[in-house]
Structures are given as C-alpha cells and as structure tokens.
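Just so you know, the sequences run in chain order H and S.
Numbering follows the UniProt record's numbering, with no gaps: position 36 of the first sequence is 36.
Numbering follows the UniProt record's numbering, with no gaps: position 39 of the second sequence is 39.
Working notes, beginning with the structure itself.
2 protein chains.
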Amino acid sequence: MPRTTLIHGSPDDIEAAYYDALARADLDALMALWAEDEEIVCIHPGAQRLVGHAEIRAVWEDILSSGGLHIRPRQLHATQNMMTSVHSVIEEIDHGNEQPDVHVIATNVYLKTAMGWRIVMHHASVAPGAAPVEAVASGAMLH
Amino acid sequence: MPRTTLIHGSPDDIEAAYYDALARADLDALMALWAEDEEIVCIHPGAQRLVGHAEIRAVWEDILSSGGLHIRPRQLHATQNMMTSVHSVIEEIDHGNEQPDVHVIATNVYLKTAMGWRIVMHHASVAPGAAPVEAVASGAMLH
Chain H
1 MPRTTLIHGS PDDIEAAYYD ALARADLDAL MALWAEDEEI VCIHPGAQRL VGHAEIRAVW
61 EDILSSGGLH IRPRQLHATQ NMMTSVHSVI EEIDHGNEQP DVHVIATNVY LKTAMGWRIV
121 MHHASVAPGA APVEAVASGA MLH
Chain S
1 MPRTTLIHGS PDDIEAAYYD ALARADLDAL MALWAEDEEI VCIHPGAQRL VGHAEIRAVW
61 EDILSSGGLH IRPRQLHATQ NMMTSVHSVI EEIDHGNEQP DVHVIATNVY LKTAMGWRIV
121 MHHASVAPGA APVEAVASGA MLH
C-alpha cells in the first residue's frame, strides 16, 4: 500500500492493510501499521501477551516464516471518536467444506497519531463452534 | 461508588469500580459503567462475542447469580489519548497454593462520553500457564 494511503488512511484502511500484510507475509509492512509506542499489545489466540515492538515483531516473524495468513475480517462492530476506533471482528479463515469447531474473535484498536491512524492493540482469542451468523435487522445500516 | 465519582472518575477509577462491582455481584453498578452505545462488546474467556447492553447484561446476570467474582487486575499496560484509554491487564484470581495451568488476559477500552469515562470493550481470554511476572526495569516508571 502506498505510503500516502498509510498517512491519510482511515482506521478501515489500516485494518485492510493489516490483513493484507498478513496474507503477503510482509513483516515490515505489518509492523509499520503499529503505533510508535512501547505500550502496544498483541495477543494471539491461546498465547501469552506480547508487549512492545520487539516482542510483537519476533513472534510475527516466527508465524509468518511458514507463509502468509489468509484471514477475512467479518461482522465488524465499531465504536469510535475523533481519535480512536475500536473494532471487533470475526476472523474468517478458509476451512474448506469442514464445519470448524472453533472461531477466532479479534479486537483491533486504532489511535490517531502524528503518522496517521495506527494499531495499538490486537487481541485475538478462540470461541467454541463455528462463527454465529448475525441477523441483519430490516432497515438497519450495514457497516 | 458515589455517582460523582462515576462522572468525574478517571479510566482507572472506572476500572476499579468494574472489578468492585464484580466482587459484589452488583449487576446494576456493573452495567452503569458501560457506554450508552449499542456497539459495546464483551467477550468472556472461551465464549462467544456479546454485542449491546441486552446480551451483555443477560450473560453477566447468569454468571453473577452464583456469587461475586474476585479478580485483581495486575500488570497494567495502557495507551491513551484525551478521549480514550486502552488497558491490558492480567486478571489475577486466587488459586490458593495451586499452580494454575492457565491465566486470563483482559483488554478493557474506555472512551470519554458525556457521562464521563465509560467501558466500550471488555475482551478476556485464556493463555497457557501461570501469568508470567514481568521484570521491572531499574529506574523505569511504575504505572
């Protein structure tokens, strides 16, 4: 993604760039999306908490060494103000025709920084069963 | 906690009130700490995502019907701006003398609203092993 998009992009653009960097196993692109703040936190499903750029980068490097992760974020719920966007998504991973017995829920928090919107928190965890499909209320805004 | 504290309290005060309400199994006090926003999200360890006041309240009511939860939030890492505070804590639960085989990591996100600081996101998940004890760097600020 061009650098101008990263500076002027919305939280949604940063989220798209994040899952795109994972799919391409592009560690540098991935780490550039995080805020320049040592209190950033990343929690992978079923794993211990990682704090700061060095810890977070080392674990992603390990994960991405075996190839890209193809994840589609779905069923977004978002709360925001001028400086913050708090996203909750279901991370959809292709299971072929099999019915998965768990799904992954992720919290992604974006803060507006001097460099543009950046990730300060990624918290992913597993929940039992296939992801529930949310009913769309008639007349409701899709988002 | 008096209502004035809830209006003028900091994110730390709201977090303290949250774990206090859990300990007292006070459902009304607990729900009053959440933002008046239907996009609020609560994820309990190993459970599916709950969205909105009705879903979140119903599940807490069920959990608290068997008594209060005594949780001490520890090892806080926080990132914030004027309108937002993003907390990561280890939820310490008394295991007696037993070495626990899992621990709970929680993300709590607070936004500043017209009513004061309020919770918009609680995401708790389990990680393997006992909670790691973080080294405190000599001369570092404790927070």
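A virtual CB, placed ideally from N, CA and C, is assigned to each residue, including glycine.
This one's a predicted model, so the numbers in the text were calculated from it and none came from an experiment.
* Go through its chain and collect everything with a Cβ distance to residue 43 (chain S)'s Cβ below 6 Å, but skip five positions before and after it. => 49, 123
* With DSSP collapsed to three states, give me the class of residue 133 (chain H). => coil
* Which value, in whole angstroms, describes the spacing of the CA atoms of residue 111 (chain S) and residue 92 (chain H)? -> 28 Å
* What is the residue span of the alpha helix (DSSP H) that residue 31 (chain S) lies within? -> 27-32
* Expected contact under 8 Å - CB spacing of residue 118 (chain S) and residue 7 (chain S) to nearest Å -> Residue 118 (chain S) to residue 7 (chain S), Cβ: 10 Å. No contact.
* Cβ contact check for the region 101-108 of chain S and the region 63-79 of chain H: 3 or more pairs under 8 Å -> no
* Asked: Where do the ends of the beta strand (DSSP E) carrying residue 111 (chain H) lie?
  -> 102-113
* Report the option in H:128, H:31, H:133 whose CA atom is closest to the CA atom of residue 57 (chain H). => H:31
* **Coarse secondary structure for residue 71 (chain S), derived from DSSP in three states** => In the structure shown, residue 71 (chain S) sits in a strand (DSSP, three-state: E or B).
* Asked: Applying a beta-carbon distance threshold of less than 9 Å, which residues of chain S neighbour residue 88 (chain H)?
  -> In chain order: 39, 41, 43, 49, 51, 121, 123.
* To do: Mark residue 95 (chain H) as exposed unless 16 or more other C-beta atoms lie within 10 angstroms of its C-beta, in which case mark it buried.
  => exposed
* To do: Just mark residue 114 (chain S) as buried or exposed, buried being the case when its beta carbon has 16 or more other beta carbons within 10 Å.
  => exposed
* Asked: Shorter than 7 Å from the beta carbon of residue 102 (chain H) to some beta carbon of chain S?
  -> no
* Looking at the structure shown, is residue 147 (chain H) part of a helix, part of a strand, or coil, going by DSSP? -> Since the first residue of chain H shown is 1 and the last is 143, residue 147 (chain H) is not available in this structure.
* To do: Step through the CB atoms of chain H and report whether any lies within less than 7 Å of the CB of residue 115 (chain S).
  => No, residue 115 (chain S) does not count as interfacial toward chain H.
* Counting only the same chain and skipping the five closest in sequence on each side, list residues whose C-beta sits under 8 Å from that of residue 82 (chain S). => 112
* Is it buried or exposed for residue 133 (chain S), if we count other Cβ within 10 angstroms and need 16 for buried? -> exposed
* Asked: Can you check whether the CB of residue 73 (chain S) is closer than 7 Å to the CB of residue 86 (chain S)?
  -> No, the pair does not count as a contact, with Cβ atoms beyond the cut-off.
* Asked: At which residues does the alpha helix (DSSP H) containing residue 54 (chain H) begin and terminate?
  -> Per DSSP, residue 54 (chain H) belongs to the alpha helix (DSSP H) from 53-64.
* Asked: Straight-line CA distance for residue 17 (chain S) to residue 76 (chain S)?
  -> 16 Å
* Buried or exposed: where does residue 10 (chain S) fall if 16 or more other Cβ atoms within 10 Å of its Cβ makes it buried? -> exposed
* Locate the beta strand (DSSP E) running through residue 91 (chain S), then write down its first and last residues. => 84-93
* Presumed contact (8 Å Cβ cut-off) between residue 127 (chain S) and residue 46 (chain H), rounded CB distance -> 7 Å
* To do: Could you name the residues of the same chain whose beta carbon sits closer than 7 Å to that of residue 37 (chain S), not counting the 5 residues immediately before and after it, in chain order?
  => Counting only Cβ-Cβ distances below 7 Å, and skipping sequence neighbours, we find 120.
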